[in-house]
Structure formats: structure tokens, C-alpha cells
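The next block holds one structure in the form of C-alpha cells; read it before the comments.
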Amino acid sequence: MSAAVIIPVKSFDLAKGRLADSLSPDERARLARTMAGTVIAAAHELDVYVVCDDDDVASFVADLGAAVVWKPARGLNHAVRDGIEAALADGHDRAIVAHADLPRARDLRWLASTGDDDIVIVTDRRSDGTNVMSLPLGIEFDFHYGPGSADAHRAEADRRGLRLAIVHDDDLGWDVDVPDDLAVFDTITDTDASQHPTDDQDPHMAEAQNPLTPAPVRMTVTSTDLPTPERALAIGAHPDDVDFGCGATLAKWAADGCEVHVLVCTDGSKGTWDPNADETELIATRQVEQRAAAAALGATGQVGFLGWSDGELESTLVQREQVARFIRETRPNVVLGHDPWKRHRLHPDHRNAGWLTTDGIVAARDPKFFPDQGLPHHRPDRLLLWEADEPDHLENVTGFLDTKFAALMAHESQFESTMKTGPDATANSPEMAAFRDRIEGRLRAAGAAGGVEHAEVFKLIDDL
25 MSAAVIIPVK SFDLAKGRLA DSLSPDERAR LARTMAGTVI AAAHELDVYV
75 VCDDDDVASF VADLGAAVVW KPARGLNHAV RDGIEAALAD GHDRAIVAHA
125 DLPRARDLRW LASTGDDDIV IVTDRRSDGT NVMSLPLGIE FDFHYGPGSA
175 DAHRAEADRR GLRLAIVHDD DLGWDVDVPD DLAVFDTITD TDASQHPTDD
225 QDPHMAEAQN PLTPAPVRMT VTSTDLPTPE RALAIGAHPD DVDFGCGATL
275 AKWAADGCEV HVLVCTDGSK GTWDPNADET ELIATRQVEQ RAAAAALGAT
325 GQVGFLGWSD GELESTLVQR EQVARFIRET RPNVVLGHDP WKRHRLHPDH
375 RNAGWLTTDG IVAARDPKFF PDQGLPHHRP DRLLLWEADE PDHLENVTGF
425 LDTKFAALMA HESQFESTMK TGPDATANSP EMAAFRDRIE GRLRAAGAAG
475 GVEHAEVFKL IDDL
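Heads up, the sequence shown is in our numbering, so the first residue is 25 and it goes up one at a time.
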């Protein structure tokens, strides 16, 4: 069976009018463009037909490999029919009709085969609209998009004697029409891919990309912009955690002469969605990537790896001794790490890396801890915790977005998993643009808390 994906796309500049009270015209256009690219990417190898009447849309989707069906001012129902006719003329026998505003779309291919059902409808999360429909070509079927379209399409199938199944899907069910729908963009957390199931869960079931600026960070700012330390040490659970958590801050300090060190607690061996990936090769790759990321930030200090198995990091005296040793060796003025008190943090590596950071500082500062190390004790001046449960400190990182993004781009093995851009993403692909927008949006949202353009926020502990 040959299936094609039909996507009607209106002018980006005219899209999402009902969000006018929440987003500027430029933000609405950027949102519409990014979501359209996300839905097209979700077709994977299936042929895509985009029905439009806008030159900008036509150019954008053609660059992504979609066929353009130029039909001016036809309305949604007619546009769907026009796309179906084009797919039928090219020899396809099934259509997957998808809205262009599905930010969590990951894979539409499962709708190419519908079992015993002639038609499958994926409703919106309110069970009212028809977000995606799969149906055979060449049948008589009238489309009824608009309020109540799910019931209208069910009634149409009954009238035609067609078997129809209604499917509720958390990803495909989330479209963006009204301000409440923007909540999808406030729920994303970058984490190591090892916390996602790999045996029975495909990448398209993972958390959504966030192509839009999140809501402003809720915090009471009690301090901003520490003096550039002579030495700084960032301790992350996995390769790339440091770059997500404090990359721009480290870049700012490095540019001002700070000696930046990085310590990674795990080996990153589970950071993939490929169950057949070679762990030894992945471990080596992720070390190379972390060193490259540190170099991109301007770090001139050590990049260390404790090497504990990904997903199995524990906070015991053995690991504490290793962290204390690294602190005594590098002698940082400021230490940065995960907040172990972060509520609802599922990943055990993040929690335990946070505890190792705080407990390692205590051990490193007191001379009676681990005297066999033969190293002088060292007390850092300050601790900054990212992913903070109660952030209160802001670092203005305006001007360092590109450096942070360059460090994240060094982690190529994580494009498909943690960054959700796909393994074949390029610097100019819509998936990578969406990822960059997501990173920029978070820095901008944090900056709004302190009246600056871009910021990273932390819990500051200065009584060590």
C-alpha cells in the first residue's frame, strides 16, 4: 500500500490569529513555520503534499522535499480534497491528512496501515476536532473540518458504510489554536536519553520539541552576576548536562579568563534509542563529544569522567571520594551542578549527581575526610545549582547563546534522542532550527526574570 501525507498550510503571517493576545505577529509566524516543519518531518519517507497559496510557504516546504499543491483561497475542506486528488493522480492509494499545527508530531507512518478499519481518526485532546485522518483514496467522502469535526466525520463514515476507528494519541492529539494550548511549550525538560524507554518506545513517543519561548521563569532574584571566578568546576550526571545546565555561564566566565573544568559522573552508555548500539563505541563517542563541547565553551581546564554506568549512578562514599578528589585537584572558586532537591525529578543520575556535588564539597573542604588522598583540602566560595527547585540567582549571558548552542551541537550522538532533532539533522534543517529556538526561548524566559535578554538561573549557596 502506498500512502501519502496531505498537509494544508496557510500563510505563516496569517496563521494562529486566535493567539494574538499571547504572541506577537512574528512569534505566531515563527510558531506556525516550526510546527509545519515538525509535521512534515513526521512523515519520514512518505511522500508529502502541502496544499497552500503562499509563496513563502511554498518555498519553505519545497526545501523540505514536500510537493506543493498550489490552490488559492480554497478553504480547509477543499484544500484537503485538492491534496488527495494530487496524491491519487500520482498513484497513491491511501492518504494521511494532518493539520500543520501539531508540535508533538513524531511519526505518522503507523497510520499508513489501519488494519480492518477503512478510516482512522486521531482526535484533538478535547475529543472534538480531527487532527489526523487516514483514509483510502478513490472513495466518496465529504470532509467536515471545523468545530465538532470528529463527530461529523464519524457520521459521514456511517452514511457511507465505512468502518471508522477513533484513536486518542497524546502526541498527535495536541494542536495549537488558543492560548491554553501553549501549555505544551512549558512542559519540556532536556534530559539524558537514558531515562527514556528504548525497548518498546519509539522516538516519536518522546517529549515534544519546544519551538516557542516558554513562560517567564518564576523566581525571586536575590543576586545576579557573580564576579568572574579564577577557577570554576561544573559537575554533570551525563555528557551534555553541563552544557544544557550552565553552558552559557561557563562561556561568559571563560571569555573573561576563568579556568573552567568539567566533571561527568556517568559513561553515557544508555544515551541512545538504538537498542543495538555498541556501548563501548558510544562511551568513547560521548567522551569525544564532551571534550569538544568544553572546547567550544572556551574551557581550558580538565574534562574528567568518573565512568559510572549510565542510569546506575549512586551517591556512596566511593563516588563521594572521587568527586572530593577532583575538587581538591582543580581547586575551584565556584562549583556548579544539579539541584538534588529538585521536586519531581525522575532521573536517579541527576539526583545522585546533585548529592555527590554537595557532599563532595563538604568532603573536599574538611581535612579529616579522605586524608589518604594526600591532597590539601579545599573550600569553594560558592555553589550554583541548575534545574533549581527554587532559583534565586541569575547570570546575564546575553551574547553567549551562540557559544552555548555550539557546545550542544558537539553532542551529535544526542541529536535524535535528547535534542529530538533526528540523526540526520543539519545546521539549516527545521528540526535544528526548532531546537535552537527552544534553547534561545529558555534563555530569554530566564532573562525576563531579571530584565535582561538572555540568562541562566541557579540556586546560589554561598555559605560553604
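We put the beta carbon where it would ideally sit given N, CA and C, even for glycine. These figures come from a predicted structure and were not determined experimentally.
Checklist line | Option in L38, S46 and L408 with minimal Cα separation from S247 | finding: The shortest Cα separation from S247 among L38, S46 and L408 belongs to L408.
Next item on the list: Tell me, please, which residues DSSP counts as bridged to T154.
Entry: Among the bridge pairs identified by DSSP, T154 is matched with T147.
Notebook entry, point to check: Which residues in the same chain have their Cβ closer than 8 Å to the Cβ of K40, if we skip the five residues on either side of it in sequence?
Noted result: A distance below 8 Å between beta-carbons, with the five flanking residues on each side excluded, links K40 to the following residues of its chain, in chain order: L47, R52, L55, A56, D125, V200 and D201.
Item checked: Expected contact under 8 Å - CB spacing of A27 and A136 to nearest Å -> Confirmed, Cβ separation roughly 4 Å.
Note to self: When you compare the CB positions of G325 and H285, do they come within less than 8 Å of one another, or not?
What the structure shows: For the 8 Å CB-CB criterion, G325 and H285 form a contact.
Note to self: Here's a check: name, in chain order, each residue in its chain whose Cβ is nearer than 6 Å to the Cβ of A86, leaving out the five neighbours to either side.
What the structure shows: V92.
Item checked: CA nearest to the CA of A97, picked from A113, H116, G89 and V75 -> Cα-wise, what sits closest to A97 is V75.
Margin query: Could you check whether T340 and V359 sit closer than 8 Å to each other, using their CB atoms as the reference points?
Written below: Going by C-beta atoms, V359 is not nearer than 8 Å to T340.
Checklist line | Element boundaries [alpha helix (DSSP H), containing K483] | finding: In the DSSP annotation of this structure, K483 is not part of any alpha helix (DSSP H); the continuous beta strand (DSSP E) holding it starts and ends at A479 to I485.
Checklist line | Start-end ranges of the beta strand (DSSP E) lying completely within the stretch 366-412, minimum 3 residues | finding: Within the stretch 366-412, the complete beta strand (DSSP E) runs of at least 3 residues are 406-410.
Check: Among the residues of its own chain, which have a CB less than 6 Å from the CB of K34, if the five just before and after it don't count?
Finding: Result list for K34: empty, nothing under 6 Å.
Check: Apart from the five residues just before and just after V63, which ones in its own chain have a Cβ nearer than 7 Å to its Cβ?
Finding: Taken in chain order, the residues that qualify are I31, A122, A124, L126 and A129.
Item checked: Start-end ranges of the alpha helix (DSSP H) lying completely within the stretch 237-313, minimum 4 residues -> If we require 4 residues or more, the alpha helix (DSSP H) runs fully inside the stretch 237-313 come out as 265-279.
Item checked: Cβ pair I120, L186 closer than 8 Å -> Contact flag unset, no.
Next item on the list: Kindly indicate which residue of E109, D487, G322 and G153 has the alpha-carbon position closest to the one of R389.
Entry: Ranking the options by Cα distance to R389, first place goes to D487.
Check: Comparing alpha-carbon positions, which option in F429, K428 and T244 lies nearest G474?
Finding: Comparing Cα-Cα distances from G474 to each of F429, K428 and T244, the minimum goes to T244.
Next item on the list: Note down, in chain order, each residue of its chain lying with its Cβ closer than 6 Å to the Cβ of A60, except the 5 sequence neighbours on either side.
Entry: Excluding positions up to five away in sequence, the list reads V33 and A124.
Next item on the list: Have a look at D37 and D114 and give me their C-alpha separation to the nearest angstrom.
Entry: Between the alpha carbons of D37 and D114 lies a gap of roughly 31 Å.
Note to self: Out of E283, V266 and T354, which one is the CA nearest neighbour of W410?
What the structure shows: Nearest neighbour of W410 by Cα position, chosen from E283, V266 and T354, turns out to be V266.
Next item on the list: Starting from P356, follow the beta strand (DSSP E) in both directions and report where the run begins and ends.
Entry: First-last for P356: undefined, no H or E at that position.
Next item on the list: Would you mind stating whether R315 and C282 have Cβ atoms separated by less than 8 Å?
Entry: With respect to C282, R315 sits apart: the two C-beta atoms are not nearer than 8 Å.
Check: Is DSSP giving H490 helix, strand or coil here?
Finding: Absent from the structure is residue 490, since the part of the chain shown begins at 25 and ends at 488.
Check: Does the beta-carbon of V104 have 16 or more other beta-carbons within 10 angstroms, so that it is buried, or is it exposed?
Finding: The residue is buried, with at least 16 neighbouring Cβ atoms inside 10 Å.
Notebook entry, point to check: Would a C-beta distance cut-off of 8 Å place E464 and T273 closer than the cut-off?
Noted result: For E464 and T273, no; Cβs fall outside 8 Å.
Margin query: Helix, strand or coil for D182? Go by DSSP, reduced to three states.
Written below: In this structure, D182 counts as helix in the three-state DSSP scheme.
Item checked: Reference A3; option with closest CA among P395, D78, R149 and D106 -> This structure does not reach residue 3, given that the chain is present from 25 up to 488, and the question cannot be answered.
Check: Between the C-alpha atoms of A469 and D45, what's the straight-line distance to the nearest angstrom?
Finding: When rounded, the distance between both Cα atoms is 18 Å.
Note to self: Output needed for R375: all residues of its chain with C-beta closer than 7 Å, excluding positions within five of it in sequence on either side, in chain order.
What the structure shows: P364 and R369.
Next item on the list: Please confirm whether A377 and H362 have their CB atoms less than 8 Å apart.
Entry: Their beta carbons are under 8 Å apart, which means A377 touches H362 by this criterion.
Margin query: Which of the three DSSP states is assigned to I163 in this structure?
Written below: Secondary structure at I163: coil, using DSSP grouped into helix, strand and coil.
Margin query: On the DSSP letters alone, give me the boundaries of the alpha helix (DSSP H) that E464 sits inside.
Written below: Annotation for E464: the continuous alpha helix (DSSP H) segment containing it runs P454 to A472.
Next item on the list: For my contact list, A279 and G322 are in at a C-beta cut-off of 8 Å; report their separation, rounded to the angstrom.
Entry: Yes, A279 and G322 are in contact; Cβ-Cβ is about 6 Å, under 8 Å.
Notebook entry, point to check: From this set, D204, I163, G197 and G170, which residue's C-alpha is nearest R184's C-alpha?
Noted result: Ranking D204, I163, G197 and G170 by Cα distance to R184 puts I163 first.
Margin query: Please confirm whether A256 has its beta-carbon closer than 8 Å to some beta-carbon of chain C.
Written below: Annotation note: the requested chain C is absent from the structure, which comprises a single protein chain.
Next item on the list: Counting only the same chain and skipping the five closest in sequence on each side, list residues whose C-beta sits under 8 Å from that of R460.
Entry: Closer than 8 Å at the Cβ level, and outside the excluded window around R460, lie F429.
Note to self: Can you tell me where the beta strand (DSSP E) holding I417 begins and where it ends?
What the structure shows: Just to set this straight, residue 417 is His in the shown sequence, not Ile. Per DSSP, the unbroken beta strand (DSSP E) holding H417 starts and ends at H417 to N420.
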